[in-house]
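Read the structure below first, then the notes.
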Amino acid sequence: MNEDFTSIGRNISSLTRMMRMYYDRGLEAYRIGWGQQFFLQYIYEHPGRMPQELTERFHVDKGTTTKVLKKLCAEGYVAIEVDKRDHRVRIIQPLKKAEEAVKQIRMLHQQLHQILTDDMSEAECDAMEQSLEQLRIRLRNELLHGHISHTSGAERNCNE
1149 MNEDFTSIGR NISSLTRMMR MYYDRGLEAY RIGWGQQFFL QYIYEHPGRM PQELTERFHV
1209 DKGTTTKVLK KLCAEGYVAI EVDKRDHRVR IIQPLKKAEE AVKQIRMLHQ QLHQILTDDM
1269 SEAECDAMEQ SLEQLRIRLR NELLHGHISH TSGAERNCNE
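Under my numbering, the residue at position 40 of the sequence shown is numbered 1188, and the numbers go up by one with no gaps.
Structure below.
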């Protein structure tokens, strides 16, 4: 196995776990965590969306979206309403209680960005963001359109 990939995967996995802990701690008083904060902020900033839009936006399955929405409803952050134009359609509206939680989420985003980029130049930040975006797009495309092979093939060096 290419040691460069192992390092990349390990670092991304470690960052993800630590970011989850960071948000879970920062949102504990709001009774939501890492999994719900993305949805809540999006719903707050884009009221009137349908559950299917959230499923597509966050690249999750319908069950995950349903579970998150149940939690946000139970905590009083959102309401799911019947669309007045089409009674078969459900739309999600943020409630007043969501405002304070979203303020906290935004503050956590800013603090985390500062923590992660504290001693980096703007050029270094831009390069890192571009690299991470490329990795995300490549993996998404492979998952959506590629054929993941379980056979060993020629390994590619990260520096090629």
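Ideal placement from N, C-alpha and C gives every residue a C-beta, glycine not left out.
For E1247, the enclosing alpha helix (DSSP H) stretches over residues A1246 to T1265.
Under the three-state reduction of DSSP output, E1201 falls in the helix class. Our two residues, H1261 and Y1178, have alpha carbons roughly 21 Å apart in a direct line.
Among the bridge pairs identified by DSSP, P1242 is matched with V1226.
Considering only Q1282, E1223 and R1284, the residue with the shortest C-alpha distance to K1244 is E1223. The beta carbon of R1238 sits closer than 8 Å to the beta carbons of M1198, P1199, I1228, E1229, V1230 and D1231 from its chain, once the five residues preceding and following it are set aside; these are given in chain order. Around Q1184, the same chain offers V1216, K1219 and L1220 as residues with beta carbons nearer than 7 Å, after the five sequence neighbours per side are excluded. A straight-line Cα-Cα distance of about 34 Å links R1288 and H1235. Where G1196 is concerned, there is no enclosing alpha helix (DSSP H), because DSSP gives it neither an H nor an E. Between the alpha carbons of D1209 and L1292 lies a distance of about 14 Å.
DSSP places V1237 in the coil class of the three-state scheme, outside both helix and strand. Rounded to whole angstroms, the separation of the alpha carbons of C1273 and S1279 is 10 Å.
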